[in-house]
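Take a look at the structure below.
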Amino acid sequence: MPPKVPLIQGPTPLHRLDHLSRELGIDLWIKRDDLTGFGLGGNKGRKLEYLMADALAQEAEVVVSCGSTQSNFVRQLGAACSVFGMKCAAAVMEIPRSDYNPLPVGPGLHGVGGNVLIDEMLGAELRRFPNGTWDELYAEMEAVACEYEAAGKKVYRCPIGGSTPLGAYAFVQAGREIMLQSDPFDWIVTASSSGSTHTGLQACFKGTSTKVLGMASDPEPDLVDDYADLSAQLDPLLEEPANLRPEDFLLNLDFVGEGYGVPSPAGNAAILRMARTEGIFLDPIYSGKAFAGLLSLAEVGELKGRVLFWHTGGIPTLFAME
Ligand SMILES: *Cc1c(COP(=O)(O)O)cnc(C)c1O
1 MPPKVPLIQG PTPLHRLDHL SRELGIDLWI KRDDLTGFGL GGNKGRKLEY LMADALAQEA
61 EVVVSCGSTQ SNFVRQLGAA CSVFGMKCAA AVMEIPRSDY NPLPVGPGLH GVGGNVLIDE
121 MLGAELRRFP NGTWDELYAE MEAVACEYEA AGKKVYRCPI GGSTPLGAYA FVQAGREIML
181 QSDPFDWIVT ASSSGSTHTG LQACFKGTST KVLGMASDPE PDLVDDYADL SAQLDPLLEE
241 PANLRPEDFL LNLDFVGEGY GVPSPAGNAA ILRMARTEGI FLDPIYSGKA FAGLLSLAEV
301 GELKGRVLFW HTGGIPTLFA ME
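Residue 1 is where the sequence shown starts when you use the working numbering, and the numbers rise one by one after that.
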């Protein structure tokens, strides 16, 4: 078992959504990873318990990562670095809106407020870049890492979203947490992006009656190839390798809307429906879109029985919307 450091308050709550269950005619439950209880919550806290243990073992002084300006991962990473006295530095880009390079999409997220405010409070360093490709952002992240190394610092590189084999391992454990909390579900629906959440859950529930359905936040169909690669790197950490192939991942791309980081009308409507029936808040980039997908598939009868919605967090971006 890889070492971990305690950061979150777990097990996170699991409860039924009575009003929506009645409205949709399914048995709908929610896993409250918005309430992980660390760094304002969210799914990244689970991954960081393993990633920070690794950074500590490597005696890192600076943790370097990347993401969007409003990254939930960078916020939770910044909080974790504060706990262990490490510096957090991240190359971030304005998605989808840029003060340098406005895109013909929107409304989007402001590059101020929300997670950026929290990052500033934590003392995390954001190196801001205009919207570009992910490869360009990785190159900027590497440049930041090299800069710290040139200054004599021990750097730990943390890939986008914390999606390393350790990040995925955290979600194998999260799946086991659910198995102990509840009778089996027919479906687990989660937002999916950098992929360690979906990959870990899929590895956990492989060969069971539970189907894991990822709702993509990025419009890229070949993400499932990346997930399969991540799973192959995860396998050596497992007692029994999952041997997942790309076709083992159920990834629905229909609810991304205009693109990554652009709130969608259906996602925003789903946020309001959840707030106004259950008093629970979703985010505009991941969980709102994923829940829009769940509502739509439940309404046409594709999702039935016992359905679990995995709330992955992201609430601070509600305070960064235009
Ligand atoms: C990062 C994130 C996701 C996606 O999780 P991955 O493991 O990167 O696929 C979903 N929802 C929220 C709120 C997130 O911050």
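Each residue gets a CB set at the ideal place from its N, CA and C atoms; glycine is no exception.
Excluding the 5 residues preceding and the 5 following P263 in the sequence, name in chain order all residues of the same chain whose CB lies nearer than 6 Å to its CB. Residue 263 sits at position 263 when you count from the first residue of the sequence shown. Closer than 6 Å at Cβ, skipping near neighbours: P284.
Just curious, the alpha helix (DSSP H) that H198 is in, first and last residue? Here residue 198 refers to the residue found at position 198 of the sequence shown. Element bounds for H198: 196–205.
CB of N72 to nearest heavy atom of ligand 1: below 6 Å? Start at 1 with the first residue of the sequence shown, and residue 72 comes out as number 72. The answer is yes for N72.
Tell me whether T197, by its Cβ, gets closer than 6 Å to a heavy atom of ligand 1. Working through the sequence shown from its first residue, we reach residue 197 at position 197. For ligand 1, at least one heavy atom lies less than 6 Å from the Cβ of T197.
Could you check whether the stretch 14–25 touches the stretch 156–168, counting it as contact only if at least three pairs of C-beta atoms, one from each stretch, sit closer than 8 Å? no
Tell me the rounded alpha-carbon separation between K154 and E61. Counting from 1 along the sequence shown, the entry for residue 154 is found at position 154. Counting from 1 along the sequence shown, the entry for residue 61 is found at position 61. Each residue's Cα considered, the two are about 5 Å apart.
Pick from E299, M141, L250 that is closest to T199, judged by C-alpha positions: The count along the sequence shown starts at 1 and reaches residue 199 at position 199. Here the closest residue by C-alpha is L250.
What does M93 pair with, by DSSP beta-bridge criteria? The residue given as residue 93 occupies position 93 in the sequence shown. Partner(s): S68, F129.
Provide the residue(s) that pair with I30 in DSSP beta bridges, ordered along the chain. As a working note, residue 30 is residue 30 in the sequence shown. BP columns for I30 point to H15, F309.
List in chain order: all unbroken beta strand (DSSP E) runs of 3+ residues lying wholly within the stretch 186–263. 187–192, 211–216, 250–252
Of all the options K304, R46, G314, D54, which has the alpha carbon lying nearest to the alpha carbon of I188? Indexing the sequence shown from 1 puts residue 188 at position 188. Of the candidates K304, R46, G314, D54, the one whose C-alpha sits nearest the C-alpha of I188 is K304.
G313 and D119 closer than 7 Å at C-beta: On the sequence shown, position 313 is the one that residue 313 refers to. On the sequence shown, position 119 is the one that residue 119 refers to. No, these two residues do not count as a Cβ contact at 7 Å.
Backbone secondary structure at V5 - three-state DSSP: The count along the sequence shown starts at 1 and reaches residue 5 at position 5. Three-state result, V5: coil.
Roughly how many angstroms separate the alpha carbons of H19 and F185, rounded to a whole number? Reading the sequence shown from its first residue, position 19 is the one you call residue 19. Reading the sequence shown from its first residue, position 185 is the one you call residue 185. Cα-Cα distance, rounded: 19 Å.
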